[in-house]
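FYI, in my numbering the residues of the sequence shown are 17 to 211.
Virtual Cβ for every residue (Gly too), placed ideally from N, Cα, C.
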Amino acid sequence: MGASKGIANTMSSHNQPNSNCYRLALIACIADPLITIYCGLSIFTVLGHMAYVTGASMNDFQSSGLNLAFSVLPEAVTYLPLPQLWSVLVFVMMMTLGLDTTMPSLEILSEAIGDRFPKLTKRRWLLLLLVFLPSFILTLPYTTQGGIYMLTLVDWYSAVPPVMLFGVVECVVLAWVVGKIFIISLTTYGFTQKY
Numbered sequence: 017m018g019a020s021k022g023i024a025n026t027m028s029s030h031n032q033p034n035s036n037c038y039r040l041a042l043i044a045c046i047a048d049p050l051i052t053i054y055c056g057l058s059i060f061t062v063l064g065h066m067a068y069v070t071g072a073s074m075n076d077f078q079s080s081g082l083n084l085a086f087s088v089l090p091e092a093v094t095y096l097p098l099p100q101l102w103s104v105l106v107f108v109m110m111m112t113l114g115l116d117t118t119m120p121s122l123e124i125l126s127e128a129i130g131d132r133f134p135k136l137t138k139r140r141w142l143l144l145l146l147v148f149l150p151s152f153i154l155t156l157p158y159t160t161q162g163g164i165y166m167l168t169l170v171d172w173y174s175a176v177p178p179v180m181l182f183g184v185v186e187c188v189v190l191a192w193v194v195g196k197i198f199i200i201s202l203t204t205y206g207f208t209q210k211y
């Protein structure tokens with residue numbers, strides 16, 4: 017999904033020109049599955065402990081989505097020693113996860129506006145204000161009582177399908193363009209006649 021939204025392209029444009037791209041790509045490809053496995057082990061270990069203590073089956077717990085984040089995990093930390101500490105840590109984790117998910121998308125928007133209006137890049141605070149203030153106002157309805165229903169509708173119908181469509185179109189266009197360039201370069205250097 018990051019490739020479809022342009023997050024990887026925008027974030028990689030902030031690298032130093034002499035940075036080792038292969039090493040950074042290798043670190044990202046190794047760190048991502050390791051962190052995912054660690055998070056899965058930590059969450060399902062707590063859920064397993066909660067199922068053991070309550071005598072319920074693991075099938076009774078929803079293992080993904082909003083119920084996991086806002087219902088199951090807060091209840092699960094009450095079964096651990098020092099539940100106040102674990103509650104704070106879970107809250108900090110959820111807050112940083114939300115910030116880490118949101119910031120790259122907003123950075124893409126601020127970069128696009130800054131590229132279109134270069135004078136705004138000199139006043140970075142004004143550019144960020146132009147991006148963050150409308151985002152803040154547009155997300156206020158999610159804090160109301162019907163916010164969870166709005167979030168579910170946006171998540172089901174406008175978050176994933178367009179990104180998947182963008183990803184498919186990006187793959188098709190890149191394959192077509194790169195394929196055409198490859199064939200043109202082969203024809204230019206006379207390789208197609210030899211083979």
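Asked                                                                                                                                        : Found
How many angstroms separate the CA atom of Gly183 from the CA atom of Glu127?                                                                : 21 angstroms
Is the number of C-beta pairs between the stretch 185 to 196 and the stretch 30 to 38 that are closer than 8 angstroms three or more?        : no
State yes or no: is the C-beta of Met74 within less than 8 angstroms of the C-beta of Ala67?                                                 : yes
For the alpha helix (DSSP H) containing Tyr68, name the first residue and the last one.                                                      : 37 to 70
Specify the secondary structure class of Ser73 as computed by DSSP and reduced to three states.                                              : coil
What residues in its chain sit with their C-beta under 7 angstroms from that of Tyr95, if we drop five residues either side in the sequence? : His65, Met66, Val69
Can the beta-carbon of Ser151 be found less than 8 angstroms from the beta-carbon of Leu169?                                                 : no
Suppose contacts are defined by Cβ-Cβ distances below 8 angstroms. Is Leu142 in contact with Leu149 by that definition?                      : no
Where does Val93 land, buried or exposed, given buried means 16+ other C-beta within 10 angstroms?                                           : buried
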